[in-house]
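Peer 1: First residue of the sequence shown? That's 168 in the numbering used here, and the numbers climb one at a time after it. Below: one structure in structure tokens.
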Amino acid sequence: MTKFARKALRAALCTGFGAALLTAAPALAAGNPAGKIQVKLLGTAVLPDGKITRIEKDLIGLPAGTQTEANDNYVPTIAIEYFLTPQISAETICCVTRHKVTGTGALAGAGLVSNANIIPATLTLKYHFTGLPGFKPYIGAGPSYFIFVSEKPGATAAALGATRQRMNDHFGFALQAGADVPLGQSGFGLTLDAKRYFLRTSAHWFAGTTEVLVTRHKIDPWVLSAGVAYRF
Numbered sequence: 168m169t170k171f172a173r174k175a176l177r178a179a180l181c182t183g184f185g186a187a188l189l190t191a192a193p194a195l196a197a198g199n200p201a202g203k204i205q206v207k208l209l210g211t212a213v214l215p216d217g218k219i220t221r222i223e224k225d226l227i228g229l230p231a232g233t234q235t236e237a238n239d240n241y242v243p244t245i246a247i248e249y250f251l252t253p254q255i256s257a258e259t260i261c262c263v264t265r266h267k268v269t270g271t272g273a274l275a276g277a278g279l280v281s282n283a284n285i286i287p288a289t290l291t292l293k294y295h296f297t298g299l300p301g302f303k304p305y306i307g308a309g310p311s312y313f314i315f316v317s318e319k320p321g322a323t324a325a326a327l328g329a330t331r332q333r334m335n336d337h338f339g340f341a342l343q344a345g346a347d348v349p350l351g352q353s354g355f356g357l358t359l360d361a362k363r364y365f366l367r368t369s370a371h372w373f374a375g376t377t378e379v380l381v382t383r384h385k386i387d388p389w390v391l392s393a394g395v396a397y398r399f
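Okay, here's the thing in structure tokens:
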């Protein structure tokens, strides 16, 4: 089984909760503002950090003061939510976001990681505040598992002899807050959501088969979303 296939299978298992809910749902013939299932279509900004917290191996001699940052990305997202009670629900999301890592400080502008595709498999348990007409705020928290797919050395790293680059898949944790705004009794609504992930991972660079550099990174992205919801 290829590396991509293994990671895709892991992602499918992590997000299988949401897929199962969607399969078990009745047809979307008529919305129900008090239904048990809610599907959201969102536009999402993924705003990671990316700075180095520790250098674990350095066979190339990084300049003093080397630091890194990851670029922001904007992607469509689907969220699927199941209401266990009117106040408590479980939610999972599905998206793929792509990022580059570049140098700052002594390596300002250097391309270190190119097009790392990330699947942020996430499951949060949410508490909804009821009794506010037309406005339903919530808070939530839960585990995440970041899966890195098809990452490559950036242009500068490749020019310096790096032939392969790998990011470690890793567990993290997410805090969440937001609000749903129902549009009448149709089951449709508007939604705003903010998540803060807490995640550390390691980056590995290779020259041939030799690992020449390992750095520990703080990812900790803000994930900000807005869109439409349908509950049934």
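Cβ coordinates follow ideal geometry from the N, Cα and C atoms, glycine included.
Please determine, among Phe399, Gly232 and Arg383, the residue with the shortest C-alpha to C-alpha distance to glutamate 223.
Peer 2: Arg383
Peer 1: By DSSP, does alanine 326 sit in helix, in strand, or in coil?
Peer 2: Three-state result, alanine 326: helix.
Peer 1: Three or more C-beta pairs closer than 8 Å, one from the region 300-317 and one from the region 272-288: is that the case here?
Peer 2: yes
Peer 1: Please list, in chain order, all residues of the same chain as aspartate 387 whose beta carbon is under 8 Å from its beta carbon, the five residues on each side excluded.
Peer 2: Pro215, Asp216, Arg363, Tyr364, Phe365 and Leu366
Peer 1: Could you tell me whether the region 196-214 touches the region 224-231, using the rule of 3 or more Cβ pairs below 8 Å?
Peer 2: Taking 8 Å as the limit for Cβ pairs, the verdict is that the region 224-231 does not touch the region 196-214.
Peer 1: Alpha carbon to alpha carbon, how far is proline 253 from isoleucine 306?
Peer 2: Looking at the two C-alpha atoms, the distance is approximately 14 Å.
Peer 1: Please name the residue, chosen from Phe340, Val348, Val381 and Gly339, that lies closest to phenylalanine 296 on a Cα-to-Cα basis.
Peer 2: Out of Phe340, Val348, Val381 and Gly339, Val348 has the C-alpha closest to the C-alpha of phenylalanine 296.
Peer 1: Taking the straight line between their C-alpha atoms, what separation do you get for glycine 276 and leucine 251?
Peer 2: 48 Å
Peer 1: Does DSSP put phenylalanine 302 in a helix, in a strand, or in coil?
Peer 2: coil
Peer 1: Considering serine 353, what are the terminal residues of the beta strand (DSSP E) in which it resides?
Peer 2: Note, serine 353: premise wrong, no beta strand (DSSP E); not H, not E.
Peer 1: Between Pro300, Ser281, Ala231 and Ile247, which has its C-alpha nearest alanine 273's C-alpha?
Peer 2: Ala231
Peer 1: For alanine 396, count neighbouring C-beta atoms within 10 Å of its own C-beta (all shown protein chains included) and say buried if the count is 16 or more, exposed if not.
Peer 2: buried
Peer 1: So for valine 379, helix, strand or coil by DSSP?
Peer 2: strand
Peer 1: Counting along the chain, where does the beta strand (DSSP E) carrying proline 388 start and finish?
Peer 2: No beta strand (DSSP E) contains proline 388, which DSSP labels as neither H nor E.
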